[in-house]
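K.L.:
Each residue of the sequence shown is one higher than the one before, starting from 1 at the first, in full-length UniProt numbering. All C-beta atoms in this analysis are idealised placements derived from N, C-alpha and C, irrespective of residue type, glycine included.
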Amino acid sequence: MQQISRTSRGQKFLKKLDEDEIKKLDAEQIAAREMEEMQKERKETLQKLKSQEKKVDYLERAKRSEEIPLVLEAIEEKTERAKRLWEQQEAERIRAAIEERNRMMADRERLAKMQEAASGFLERIMVNRKQLYMEKLAGYEAKLEQERSKRLLQRKIRRKIERRLQWERYIIESAEKKRAEEERKRMEEERRRGLSEK
């Protein structure tokens, strides 16, 4: 597209198309449309040349018969030059269109590779992050389980100690009650003995 717009003929052709038409057409379609336009212009040019030939009528103005071949040769040379120029411009336009299309295809392929590489990179990042998260989660759960087991053991030991203290307290209280009872009985016995001796 850029190559076509650099030539005056290409600019003239592009002006005949609106933006929507340009967007819908690819490089090859634009090249085909421009070729049709060039052929149309060539036909019009040839018709104008023929019309000029009739209007000027070089053959009638030729005073001598030897001038007629020269006039015909000049017309033929002019027509041939116009044909060669058109063919040269057409070949250049086609070459530019092919280069533009190849460049666009290369850009598209390069972008596709970049997108594929970016997708792979993103996927690797997500996998690594997931793996790191799972490792941290496993560590946290292991630590939590360890802490839970530790607390259970502590509660078990504490309950055992409490039961031991309660048992010891019971033994001590029982012994105290027994001594108090024995002391009471002894004192009661002594009191009775004292009364009996009187």
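Answer with buried or exposed for Lys185, where buried requires no fewer than 16 other C-beta atoms within 10 angstroms of its C-beta.
P.N.:
exposed
K.L.:
My assumption, with CB atoms under 8 Å, is that Met35 sits in contact with Glu90. Please give the rounded CB distance.
P.N.:
7 Å
K.L.:
Please state if the CB of Leu49 and the CB of Thr79 are separated by a distance shorter than 8 Å.
P.N.:
yes
K.L.:
Less than 8 Å between the CB atoms is what I'm expecting for Thr45 and Ala74, so what's the real figure, rounded?
P.N.:
Thr45 to Ala74, Cβ: 16 Å. No contact.
K.L.:
Exposed or buried, Arg93, counting other C-beta atoms within 10 Å across all chains shown (16 or more means buried)?
P.N.:
buried
K.L.:
By how many angstroms is the C-alpha of Ala117 removed from the C-alpha of Ala106?
P.N.:
16 Å
K.L.:
Measuring only the C-alpha atoms, how far is Gly120 from Glu145?
P.N.:
37 Å
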